[in-house]
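Here's the structure, in structure tokens; my notes come after.
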Amino acid sequence: MKDLEKLTKELPDPEAARRFYGQLEESHPSVLKGIDKGLLSDLLTIAAFSPLLSTTIIRNPSYVSWLGKVRKVTSVMDKEELQESLARFSLTNSTLETGVLLARFRRRELIRIYLKDIRGLGSIAEITEEISTLADVVLEFALNTANQELENRFGKPLAKDKKGKQVHAGFCICALGKLGSKELNYSSDIDLLFIYSDEGETSGHGSKGRVTNREFFIKLAEHVMKLVGTQTGEGAAYRVDMRLRPHGRVGALAISVADTAMYFQKSARLWERQVLIRSRASAGKLELYDRLFEQVGPLVFSEELSVNEALTNVRLSKEKINAEEINSSGFDVKLGHGGIREIEFIAQALQLAYGGSDKWLRSSHTLISLSRLADRKLIGDTELTRLFDAYSFLRRLEHRLQMEHGIQTHRVPDDLEKRLLISQRMNIHFVADFNEELKRHTRHVSDAFTRIFGEREHESPPIKEHAKSLKPRKPEERVLQDIFTSIEKSEAEEVSTESRLSDLKLISSISPPLSQMLTANPDLVKALPSRGDSYEKPDLESSFFETVLGRPTYAERLSEMRKLRARIISRLAAFEVFGAIDLNESRDAQTDLAEVAVKTGVFVAQEELKKYFGDFDGLSIAILGLGKLGGGGLDFGSDLDLVVAYDDNLPCPAEGVTNPEFYSKAVELFVTSLSSMTRDGSLYRVDLRLRPDGKNGAMAIGGHALMSYLEERAAVWEWLAYVKLRGVYGPHGLADRIEAEARKRIHDAATLYAPEHLRLESHEMRLRLEKQKGGKRGSTEVDIKFGEGGLQDVYFSIRYLQLRDHVPDDPENRSTIHSLTRLREQGSLDTKTYMKLKHGYAFLRELDHNLRLTSGRSNKVKTNHPESLRNVAELMKIDSPASFLEELTSHRLNIREGFNTVFGAM
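Residue numbers for the sequence shown follow the numbering used here, so the first one is 1 and each next one is one higher.
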């Protein structure tokens with residue numbers, strides 16, 4: 001063919017493409033007669049990228065005409081479309097055994113998907129989703145076939161519903177691992193879990209009579225595995241891996257939902273629960289998976305799991321992989337340093353750490369997870385871009401490696417000729433350029449992984465012995481053992497004095513979160529106060545700035561800021577455990593700490609910004625606090641709700657760039673300095689969602705633009721939030737000026753708004769939050785923040801009245817109690833309602849604080865947890881759990897009555 005040289009010369013393996021053409025011409029000349037040049041180009045491209053698929057086409061020449069029909073379809077085929085395609089394929093290949101049919105169908109579809117992959121017509125997420133959907137369709141077909149055969153033998157499996165009515169028992173194939181997250185490779189094993197709805201027996205209306213549901217579903221699982229996984233002359237559709245099922249290799253192939261849930265609740269190890277992060281229903285009765293995850297989900301994403309525990313668990317999994325990795329030639333794109341697994345573990349670790357309290361972070365897909373973590377500022381925008389790019393590059397590289405011969409390999413060959421071929425299949429012409437690109441991406445991943453996890457230090461044998469000597473029996477003694485297991489010998493000897501042990505025992509019994517900090521950071525033990533020490537307010541600003549000025553790099557400054565804050569917070573919590581400070585002193589100290597951290601974060605960001613834009617005089621930027629920071633009442637585990645504005649009366653500090661571009665990068669670095677997770681933890685979770693236009697808005701907004709937004713476009717719910725606006729940082733009085741002007745705009749706008757609309761919209765927003773976040777009625781957990789009669793009732797009541805009656809916050813005292821008092825004095829509240837809201841708020845505020853000290857970020861009281869109730873009652877100085885619950889109920893009822901009075905009977 002005269003155009004053959006032209007069509008093949010730019011391909012990565014032109015010789016393979018020409019060989020393929022010769023074989024096709026010799027074996028099936030009619031296929032090439034009058035062939036469309038575009039289709040021929042696609043066929044030659046496939047041959048140059050995948051000897052496996054070129055062989056498949058030679059053996060199945062009918063695929064050429066089929067490819068001609070589907071090659072221009074660039075959209076992702078969904079499950080229904082692929083099922084229709086498989087149904088047609090089955091009709092035209094009705095003589096084939098099911099296993100062969102499925103293997104052939106999968107291979108044919110991979111030709112279409114890989115062509116799209118090679119041509120760059122789909123993102124890596126779209127390609128892996130379609131490969132995963134293909135597996136779902138194959139499993140569904142195999143399940144239906146196997147189920148029909150077994151029902152013909154034993155009848156339908158039956159069970160009884162809650163009313164005793166006989167119903168059909170269901171079966172679900174759950175996908176785990178890459179299939180579970182819809183990120184399957186071309187040559188991945190598929191990790192499966194088979195579950196069924198209920199125990200019972202089959203109807204017996206078959207050739208073999210009646211069997212138990214357990215027997216039926218185990219046979220069904222075996223049959224599905226045989227159809228999908230047995231090697232035939234065509235190979236197998238998939239390699240099935242069942243090792244992640246309950247009890248592993250020795251466990252039953254199929255297990256009931258109830259028994260599966262029981263296993264994960266009672267027996268599963270931490271890594272087994274971690275596996276469920278990437279899980280979903282693949283085939284069968286999909287609702288069974290939902291039933292299962294409703295029971296085990298709270299164990300996977302637990303509010304009781306500390307950040308350090310989450311990071312440690314995932315880090316141990318990575319160390320296990322490192323220990324088991326086979327030392328063979330070539331870089332492993334999956335398990336090597338800076339490889340795919342490290343990206344996955346970054347996402348999973350931060351999900352485990354924060355997904356308990358933030359359900360939005362719970363996503364099985366790696367890229368979606370990373371995006372949401374960046375949205376919550378747990379990773380920076382630059383880091384997100386780098387991880388996205390690295391993931392895409394490494395997954396495409398993995399695909400090129402695997403689709404050469406269809407084997408499950410992850411290693412980049414060292415052989416120069418083979419590496420050149422892989423380079424060219426990655427559309428990189430020179431090996432040196434490929435090596436540099438691979439090095440760049442893996443370095444970015446390694447940097448992110450090291451920032452979050454750090455290096456694990458080995459325990460010394462003497463400390464293990466010292467820890468064993470404690471012979472822990474009670475929970476607080478187990479915590480003490482963990483602390484001693486984590487510190488060096490000299491430190492263990494230092495803290496083994498009777499008084500120090502007594503202090504640590506008290507801490508471990510009252511504040512598990514503080515104990516976890518000490519376990520994670522043994523150096524903190526030496527910095528703790530002793531019982532009897534007096535609290536002296538530290539010079540926070542000097543401490544922070546001396547710390548960062550002594551470190552030359554951005555990463556080192558972030559690390560030192562986190563270490564310093566950990567020391568300050570641990571000391572503050574210890575002083576509170578020892579009774580040396582009260583609630584108000586603690587919250588004031590934490591607010592001061594956050595303000596200094598913000599100021600330091602701006603400085604660190606400013607210095608780093610010079611690497612991007614050169615030298616400049618300074619940032620004309622205002623950091624404005626909302627929520628607890630705005631009200632001056634920050635507490636343990638509080639987020640920082642921020643709005644960032646810049647002075648748009650001034651020119652951009654840097655040359656050749658606009659103010660929006662410059663300050664957007666500045667805010668990115670500032671937020672990263674505070675919220676990004678490093679091996680030393682993070683400072684604060686920064687929430688910018690209350691900025692103008694929310695997620696769609698600029699991270700930094702000009703002062704004039706902010707005023708226009710508040711005056712012309714802000715909704716009532718935004719006015720309610722901005723009532724608490726407070727300038728936290730800004731040079732030359734900038735923050736104070738913007739705060740004052742913004743406060744005037746929202747109160748003036750509210751005054752002009754129809755009073756009835758203001759009331760209705762404020763009330764509706766509160767009830768919507770209660771419905772979304774407040775928990776279900778009759779639940780064993782009481783949400784003291786979002787639930788009925790919770791803190792939000794008080795906040796909404798106050799802010800609505802402040803807007804309605806034009807009562808701005810007092811700059812000298814922005815506390816909730818003071819705001820209530822001012823509203824009463826100005827006639828906005830009657831005395832009875834004031835007393836209900838004031839006393840109810842004081843009780844819930846103290847309870848919220850104690851929950852944070854004892855349980856972390858949780859704002860829920862577990863009414864069915866006796867030990868937890870006893871601890872809380874003791875901290876609240878209430879005689880018994882029963883009396884505590886009675887008082888809690890009384891205050892919540894009073895708060896809701898006060899709330900209803902403020903908003904009128906609705």
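Glycine residues also receive a C-beta, built at the ideal position from the N, C-alpha and C atoms.
The structure presented is a predicted model; accordingly, all values stated were derived computationally and were not measured.
- Taking a C-beta distance under 8 angstroms as the contact criterion, L624 and L642 qualify as a contact pair.
- Between P653 and L706, the beta carbon gap of about 19 angstroms keeps them out of contact (Cβ cut-off 8 angstroms).
- For G631, the enclosing alpha helix (DSSP H) has its first and last residue at G627 to G631.
- Around the CB of Q792, 16 or more other CB atoms lie within 10 Å, so the residue is classed as buried.
- Annotation for V224: L139, A142, L143, A146, I173 and F194 place their beta carbon closer than 8 angstroms to its own, counting only its chain and skipping 5 residues before and after.
- Across the set N649, L158, R396 and V728, the C-alpha of V728 shows the shortest separation from the C-alpha of G630.
- Residue environment for Y663: buried (at least 16 other C-beta atoms within 10 angstroms of its C-beta).
- Two segments are said to touch when three or more pairs of C-beta atoms, one from each, lie closer than 8 angstroms; by this definition the stretch 682-690 touches the stretch 372-387.
- Straight through space, the alpha carbons of L626 and V716 are spaced by roughly 15 angstroms.
- Secondary structure at Y554: helix, using DSSP grouped into helix, strand and coil.
- The stretch 236-307 contains, as complete alpha helix (DSSP H) runs of 4+ residues, the segments 257-266, 270-275 and 286-300 (chain order).
- Burial is judged here by how many other beta carbons sit within 10 angstroms of a residue's own beta carbon; L518 has at least 16 and is buried.
- The shortest C-alpha to C-alpha distance from L101 to any of H405, V228 and R804 is the one to V228.
- With contacts defined as CB atoms closer than 8 angstroms, V602 and I621 qualify as a contacting pair.
- L82 is the residue among T98, L853, F388 and L82 whose C-alpha sits nearest the C-alpha of I131.
- With respect to the 8 angstroms criterion, F393 and E342 are not classified as neighbours on the basis of their beta carbons.
- Considering only D582, G579, P538 and F578, the residue with the shortest C-alpha distance to L564 is P538.
- Following the DSSP letters along the chain, one finds A645 inside the beta strand (DSSP E) bounded by residues L640 to Y646.
- F786 sits in coil when the DSSP states are folded into three classes, being neither helix nor strand.
- Bridge pairing for A754: absent [DSSP].
- In the same chain as R852, and ignoring 5 residues on each side of it, the C-beta atoms closer than 6 angstroms to its own belong to D635, F636 and G637, in chain order.
- Around the C-beta of S423, 16 or more other C-beta atoms lie within 10 Å, and the residue is accordingly described as buried.
- Taken atom to atom, the span from the alpha-carbon of I510 to that of D533 is near 18 angstroms.
- For the pair L823 and L801, the CB atoms are nearer than the 8 angstroms cut-off.
- Residue burial annotation: G22 is exposed, with fewer than 16 other C-beta atoms found within 10 angstroms of its C-beta.
- Between the alpha carbons of I57 and L397 lies a gap of roughly 23 angstroms.
- Beta-bridge annotation (DSSP): N813 is paired with D810.
- K838 carries a helical assignment under DSSP once its states are collapsed to helix, strand and coil.
- Residue nearest to K160 within the set F154, H168 and H747 is H168 (criterion: CA-CA distance).
- Between the beta-carbon of R557 and that of V604 there is about 5 angstroms, and that keeps the pair under the 8 angstroms contact cut.
- Take the alpha-carbon of R88 and the one of R245: they are about 34 angstroms apart.
- A distance below 8 angstroms separates the beta carbons of G170 and S197.
- Counting along the chain, D36 sits inside no beta strand (DSSP E), nor does DSSP assign it H or E at all.
- For the set T230, T95 and L752, the Cα lying nearest the Cα of W719 is the one of L752.
- With three or more CB-CB distances shorter than 8 angstroms, the stretch 44-64 counts as touching the stretch 9-16.
- Proximity to A283 across V137, D809, L528 and F105 peaks at V137, based on C-alpha coordinates.
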